[in-house]
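In what follows, a structure is listed as structure tokens, so that the remarks can point back to it.
Numbering (the UniProt record's numbering), first residue to last: 1 to 165.
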């Protein structure tokens, strides 16, 4: 076995290339394993969470309440990816101002979904499973509006709209 200077340079170069590839690969994996969907909203979360009780207990996609009070309309994805499949709303919780329109837009993933408010104040109707299907509701009155997907509620497919005056 010969350890010439050329052999050592080749070995060192190969080692550095491999180390760089491993570092890059780990960075990509870390980004992919971050909580939430890859296209989840970015923006400020409310400093103080509303009194949801245990509504979000076991909800994988819940990251806090996104403050969207400056927007007149907000879109929530129905059938967003979570660790069990496509059984979440993204974002799971939003804070809005009175008069804001929330539009739920189906991703086409995870089978049939609906959007039903816990106390029956709104409902999207029959289950839908195709991408692009939408349901909209205008929120005029302040309050907390918890909602769910009927067939996937037990799997944690729950969300909430918090309307602040």
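Where a beta carbon is used, it is the ideal one built from N, C-alpha and C, also for glycine.
Bear in mind that the values here come from a model prediction, so they are computed numbers and not experimental data.
Taking all protein chains shown into account, residue 92 has 16 or more neighbouring C-beta atoms within 10 Å of its C-beta and is therefore buried.
DSSP places residue 83 in the coil class of the three-state scheme, outside both helix and strand. Bounds of the beta strand (DSSP E) holding residue 101 are 100 to 106. In the DSSP annotation of this structure, the continuous segment of the beta strand (DSSP E) that includes residue 137 starts and ends at 134 to 139.
In the three-state scheme derived from DSSP, where H, G and I count as helix and E and B as strand, residue 65 is classed as coil. In the three-state scheme derived from DSSP, where H, G and I count as helix and E and B as strand, residue 146 is classed as strand. Between residue 56 and residue 153 a beta carbon distance of about 12 Å is seen, past the 8 Å cut, so the two are scored as non-contacting.
Here residue 158 carries a strand assignment [DSSP, helix/strand/coil].
When secondary structure is reduced to three states using DSSP, residue 113 falls in the strand class.
In the DSSP secondary-structure assignment, residue 90 is bridged to 77. As a beta-bridge residue in DSSP terms, residue 95 pairs with 67 and 162. A straight line joining the alpha-carbon of residue 148 with that of residue 114 spans about 8 Å.
Fewer than three beta-carbon pairs drawn from the stretch 44 to 59 and the stretch 99 to 114 are found closer than 8 Å, and the two stretches are therefore not classed as touching. Less than 8 Å divides the Cβ of residue 60 from the Cβ of residue 82. For residue 119 and residue 144, the gap between their C-alpha atoms comes out near 11 Å. Cβ neighbours of residue 142 within its own chain (closer than 7 Å, five residues either side excluded): 98, 163, 164 and 165.
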